[in-house]
Amino acid sequence: MAIKTEFSEGELSEIVEEYDLGKFVSSFSLSGGTVQTNIGIITTKGKFVFRYYEHRPPEAVLFEMDLLLYLKEHNYPCPAPYKNNQGSYVGNCKHKPYAIFECMEGAHIGQPTAEQQQKLIQKVAELHKLTENYLPVHKDMRLNYNAERCRQLGGEVAERINNYNAYQKLAWLENELGKLELPAALPMGVCHADFHFSNVLFIDDEVSALLDFDDANYTYLLFDLIGLIEYSAWRRDKDHGLNFDQAKKVVFTYNSFRPLTTNEAEHLFDVYKLSILIDCIWYFERGDASDFYERRKIDFLNQLGRKGFSRKIFG
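UniProt numbering numbers the first residue of the sequence shown as 1 and each following residue consecutively.
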């Protein structure tokens, strides 16, 4: 259970009193979530989820609330937030924001079947169709994945570490970012950006809910497609590389629900590289600048090149 900040039963009862959700009865553990504090709550009106944001300013939480309300209005399977008695979806406790959500039905699947994976890809494509023309409030308060932000973050982390290896890695990062071709015409919208099995609920073979939009941000819609490819097709053995047969299946399935534009097909390679470079930021202290995990992944893609990668996926 992701508990970073402890809450007594009395404190939770006081929080519930701020909502029209019945009287607090008890709390229970939740298995999902690794960054924010998540606690299940039982009241006289049912089950709910209390989420305490450890590392988010209120505006970034409002981004999430606005997004979830928009998705629920369009019948997308995700948890709805509840307003408190002051008419706000975001409360404040111990100087940090929190929200209360509906408790969604379903089960986490550690090893999804082929049918379940296909249904998840469908739901991702539907998410993108809904958000392609949607501009969320406070979108700039989220860590939006793009080359400029990646370059900025790389500089900040290298300066913080402040050693020769970090600055060598930064030079490599900036060089690879300079090679990317990301046309302005690439469709953008909100991506979920975290399809770990603990964030997906199934009832039989159907996706009953996509949870935890804590990493969601405004970026290239291809970013989530890359996440699905990585999950299904990236080989994590000593040789590394992509299982292109599996990658093609993911792209084919996605394309059947949301057809890729010509630009997206041509520059899937570039967004894939961007996703790896952003991962490099989170693990900047890992490995020597001349040989580390993200560099080996980039080298694999560079050996194929943009056209070679496209032939492997779409040829």
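Idealized CB from N, CA, C, for every residue including glycine.
Straight through space, the alpha carbons of G155 and L21 are spaced by roughly 46 Å. The Cβ-Cβ distance between Y19 and N84 falls below 8 Å. Taking a C-beta distance under 8 Å as the contact criterion, G106 and A193 do not qualify as a contact pair. The region 90 to 107 and the region 47 to 55 touch, with no fewer than 3 CB-CB distances between them shorter than 8 Å. Taken in chain order, the complete alpha helix (DSSP H) segments of 4 or more residues contained in the region 152 to 190 are 164 to 179. Taking each of V271, W282, K312, G315 in turn and checking the Cα distance to I298, the smallest one comes out for V271.
DSSP, reduced to helix, strand and coil, places I203 within a strand of the structure shown. In the structure shown, C150 falls within a helical segment according to DSSP collapsed to helix, strand and coil. Within the region 16 to 72, no run of alpha helix (DSSP H) at least 4 residues long lies entirely inside it. The Cβ-Cβ distance between P187 and E132 falls below 8 Å.
For the 8 Å CB-CB criterion, G189 and Y134 form a contact. Here K248 carries a helix assignment [DSSP, helix/strand/coil]. In the same chain as V251, and ignoring 5 residues on each side of it, the C-beta atoms closer than 6 Å to its own belong to I313, in chain order.
When F7, V35, Q36 are compared, the shortest CA-CA separation from F28 is found for F7.
One thing to note: C191 has its Cβ within 8 Å of the Cβ of D224. S208 carries a strand assignment under DSSP once its states are collapsed to helix, strand and coil.
Shown here, G308 sits in a helix according to DSSP, grouped into three states. Pairing A158 with A147 gives a Cβ-Cβ distance that is not under 8 Å.
Beta-bridge analysis with DSSP links D288 to D291. For Y218, the enclosing beta strand (DSSP E) covers residues 217 to 220.
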